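K.L.:
Structure below; questions to follow.
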Amino acid sequence: MSGGPELLVVAGEVSGDIHAGNLLAALRPMVPGLHAFGIGGDRLEAAGLELLAHTSELAHMGLTEVLRELPRIRRLMHRVAAEAVDRRPGAAVLVDSPDFNLRLARRLGRAGIPVILYVSPQLWAWRRGRVRVVRRVARRVLCILPFEVGFYEQHGVEALYVGHPLVDDLHREGLLEHRPDRARGRLALLPGSRAMEVRQLLPVMLDALALLPPDAVREAIVVVAAGMEAEVGAILARAPADARLRTVRGEGRRRELAIAQMAWTASGTATLECALLDVPMIVGYRLGGLSYLLAKLLVRVPHIALVNLIAGERAAPELIQNDWNPGRLAAETRAVLGHGLERQHGLLDVVRRRLGGPGASERAARAVAAHLASRSAPEPGGGSP
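Residue 236 in the numbering used here sits at position 225 of the sequence shown; the count goes up by one each step and never skips.
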């Protein structure tokens, strides 16, 4: 160990590992001698985290798998909490994964270890009652969506908007300041990063593409998320061949997306990716029947797409549940290409301005560094005269 400040970091998902890894890398020059330990993946380990467990041990699973693994997960939580009590870190940075992290935060709070939440759980959308838990267990919430701060402040939780890490990613790739020329007639298909999402959305996208003539869509690219290669490949193998269609993946996928005239996309972070690249879009959202009925009862937001929530209005069309069908998607696409592109470009500019510039990881790191400094400062009247 370094003998410097201690920090607990827990990231239970791949995206959380990336965000937390960038934060820790930015934090190290600010806090000499920092020693960080906890749960993380490859990015956090590369940033110097001492792994108590790998992020993959907390990866999202189905209900039956979670029930089967619950004893192991509880043992892991107990181990992390016990390690924190023993080491007494100056703070714990818990990233996303609210089902695990909010329970862990309760234990840390009882031990007097301050908790900072990074990448807020989406309490503003559903299960709002959990904000009372956040108020009890979190010293501060570092938000990556601008509207989240007002929600937390209304509920008595200190919150700070640090910016969205995706802005940093696109800045590093040189796609924010120097956007490539748009290719007229190029359509991007972003069916999501989860298997169920891809199965619900991609077949409809392919059927809708078949309804659009080459003068509307000259080229169509399926942007394949990491880990979805087999799922996408299986669906494409069953679909009729279309000479306009090809797949893109890996590091070049964002540059391929950036030159699209428009996109069909799953809801979630992909809509922000399109907005930051100024690609107009139609957003799809579809669940199983029972899950959708439950969502209608629990979800309390006017839009399902993050891009529309940030814009404060319906910037991009949303096709939800039964409206996500080939005929409706093709018709909406004709409408956007016919007279809706200019309006979307204007509203996407609003979204980009509200998201702000790059530097999210550095701003988050400064907030953590300030907290660690306040914890290590001598009490008033203490120290040497």
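The C-beta atom is built at its ideal place from N, Cα and C for all residues, glycine as well. Here the structure is a predicted model, which is why all the values come from computation and not from measurement.
Just the Cα atoms here: how many angstroms apart are Q165 and P225?
P.N.:
By one-based count along the sequence shown, residue 165 stands at place 154. By one-based count along the sequence shown, residue 225 stands at place 214. One C-alpha to the other measures close to 51 Å.
K.L.:
What would DSSP say about I270, mapped onto helix, strand or coil?
P.N.:
Counting from one through the sequence shown, the residue named residue 270 turns up at place 259. In this structure, I270 counts as coil in the three-state DSSP scheme.
K.L.:
Does the Cβ-Cβ distance between A149 and V130 come in under 7 Å?
P.N.:
Here residue 149 refers to the residue found at position 138 of the sequence shown. Here residue 130 refers to the residue found at position 119 of the sequence shown. Taking 7 Å as the Cβ cut-off, A149 and V130 do not qualify as a contacting pair.
K.L.:
Identify whether R260 lies in helix, strand or coil by the three-state DSSP scheme.
P.N.:
Numbered from 1 along the sequence shown, position 249 holds the residue referred to as residue 260. In the structure shown, R260 sits in coil (DSSP, three-state: anything other than H, G, I, E or B).
K.L.:
Can you tell which of F111, P109, G123 and R86 has its C-alpha closest to the C-alpha of D97?
P.N.:
As a working mapping, residue 97 is identified with position 86 in the sequence shown. Comparing Cα-Cα distances from D97 to each of F111, P109, G123 and R86, the minimum goes to G123.
K.L.:
Look at the alpha carbon of E17 and the alpha carbon of L63, and state the distance between them as a whole number of angstroms.
P.N.:
On the sequence shown, position 6 is the one that residue 17 refers to. On the sequence shown, position 52 is the one that residue 63 refers to. Taking the straight line from one Cα to the other gives about 14 Å.
K.L.:
Considering only residues of the same chain and omitting the five flanking positions on each side of G23, which have a CB-CB separation below 8 Å?
P.N.:
As a position in the sequence shown, residue 23 is number 12, starting the count at 1. Closer than 8 Å at Cβ, skipping near neighbours: I50, T66, L69, A70, V106, D107, S108, F111 and N112.
K.L.:
Just how far apart, CA to CA, sit G161 and H30?
P.N.:
Here the question's residue 161 lines up with position 150 in the sequence shown. Here the question's residue 30 lines up with position 19 in the sequence shown. Roughly 22 Å separates the two Cα atoms.
K.L.:
Give me, in chain order, the residues of the same chain whose beta-carbon lies closer than 8 Å to that of L74; leave out the 5 immediate sequence neighbours on both sides.
P.N.:
Numbered from 1 along the sequence shown, position 63 holds the residue referred to as residue 74. For L74, the predicted structure reports a pLDDT of 41, less than 50, and the residue's modelled location is therefore unreliable. The matter cannot be settled from this model.
K.L.:
Apply the 10 Å Cβ neighbour rule to H175 and answer buried if 16 or more other Cβ atoms are within range, or exposed otherwise.
P.N.:
Within the sequence shown, the letter at position 164 stands for residue 175. That one is buried.
K.L.:
I need the DSSP call for G51, collapsed to helix, strand or coil.
P.N.:
One-based indexing of the sequence shown puts residue 51 at position 40. Strand, per DSSP.
K.L.:
Helix, strand or coil for I246? Go by DSSP, reduced to three states.
P.N.:
Counting from one through the sequence shown, the residue named residue 246 turns up at place 235. It is helical.
K.L.:
Going by beta carbon distance, what residues of the same chain come within less than 6 Å of I331, once the five residues before and after it are set aside?
P.N.:
As a working mapping, residue 331 is identified with position 320 in the sequence shown. If we look at I331 and ignore the five residues flanking it on each side, its Cβ neighbours are Y296.
K.L.:
Quick check on this structure: which residue in L320, V144 and G367 has the alpha carbon closest to the alpha carbon of R121?
P.N.:
The residue you call residue 121 lines up with position 110 of the sequence shown. Comparing Cα positions, the closest option is V144.
K.L.:
Please go through the same chain and pick out, in chain order, the residues whose beta-carbon is closer than 7 Å to the beta-carbon of R374, but skip the five residues on each side of it.
P.N.:
Numbered from its first residue, the sequence shown carries residue 374 at position 363. Excluding positions up to five away in sequence, the list reads V173 and G174.
K.L.:
Kindly list the residues whose CB is nearer than 6 Å to the CB of P328, restricted to its own chain and excluding five residues on each side of it in sequence; keep chain order.
P.N.:
For this step, residue 328 is matched to residue 317 along the sequence shown. These residues qualify, in order along the chain: I293 and E343.
K.L.:
Can you tell me which of the three DSSP states L358 falls into?
P.N.:
Looking up residue 358 in the sequence shown gives position 347. Helix at L358.
K.L.:
Could you spell out the range, first to last residue, of the alpha helix (DSSP H) harbouring E159?
P.N.:
Your numbering for residue 159 matches position 148 in the sequence shown. E159 to Q165 is the extent of the alpha helix (DSSP H) around E159.
K.L.:
Judging by CA-CA distance, which residue of M207, R377, C154 and E208 is the nearest neighbour of G367?
P.N.:
Here residue 367 refers to the residue found at position 356 when the sequence shown is read from its first residue. Residue C154 is the option with its Cα nearest to G367.
K.L.:
Can you tell me which of the three DSSP states L87 falls into?
P.N.:
Counting from 1 along the sequence shown, the entry for residue 87 is found at position 76. Looking at L87 - three-state DSSP - the assignment turns out to be helix.
K.L.:
Once you ignore the five residues that flank R90 on each side, which residues in its own chain have a CB closer than 7 Å to its CB?
P.N.:
Residue 90 sits at position 79 when you count from the first residue of the sequence shown. Answer for R90: L63, listed in chain order.
K.L.:
In chain order, what residues of the same chain have a beta carbon less than 6 Å from the beta carbon of A236, not counting five sequence neighbours either side?
P.N.:
The residue given as residue 236 occupies position 225 in the sequence shown. Closer than 6 Å at the Cβ level, and outside the excluded window around A236, lie S204.
K.L.:
Taking its Cβ as the centre, do 16 or more other Cβ atoms sit within 10 Å of G52, making it buried, or is it exposed?
P.N.:
Locating residue 52 in the sequence shown gives position 41, where the first residue counts as 1. That one is buried.
K.L.:
Hey, out of E159, L19, A378 and A326, whose CA is closest to A93's CA?
P.N.:
As a first step, residue 93 must be located in the sequence shown, where it is residue number 82. Per the Cα distances, L19.
K.L.:
Please report the straight-line C-alpha distance between E76 and A206, rounded to a whole angstrom.
P.N.:
In the sequence shown, counting from the first residue as 1, residue 76 sits at position 65. In the sequence shown, counting from the first residue as 1, residue 206 sits at position 195. Any answer about E76 is weak, because its pLDDT of 45 lies below 50 and its placement is not dependable; what the coordinates show is given next. Between E76 and A206, the C-alpha separation is close to 16 Å.
K.L.:
Three or more C-beta pairs under 8 Å: does that hold for the stretch 250-257 against the stretch 216-233?
P.N.:
Yes, the stretch 250-257 touches the stretch 216-233.
K.L.:
Quickly, what does DSSP pair W275 with across the bridge? List them, please.
P.N.:
Walking along the sequence shown from the start, residue 275 turns up at place 264. The partner list for W275 (beta bridge, DSSP) reads L200 and I293.
K.L.:
CB W335 to CB V215, shorter than 7 Å?
P.N.:
Within the sequence shown, numbered from 1, the residue matching residue 335 stands at position 324. Within the sequence shown, numbered from 1, the residue matching residue 215 stands at position 204. Yes, these two residues count as a Cβ contact at 7 Å.
K.L.:
Grouping DSSP H, G and I as helix and E and B as strand, with all else coil, what is H382?
P.N.:
Residue mapping note: residue 382 aligns to position 371 of the sequence shown, counting from 1. Three-state result, H382: helix.
K.L.:
Can you tell me whether N33 is buried or exposed, with buried defined as 16 or more other CB within 10 angstroms of its CB?
P.N.:
As a position in the sequence shown, residue 33 is number 22, starting the count at 1. With 16 or more other Cβ atoms within 10 Å, it is buried.
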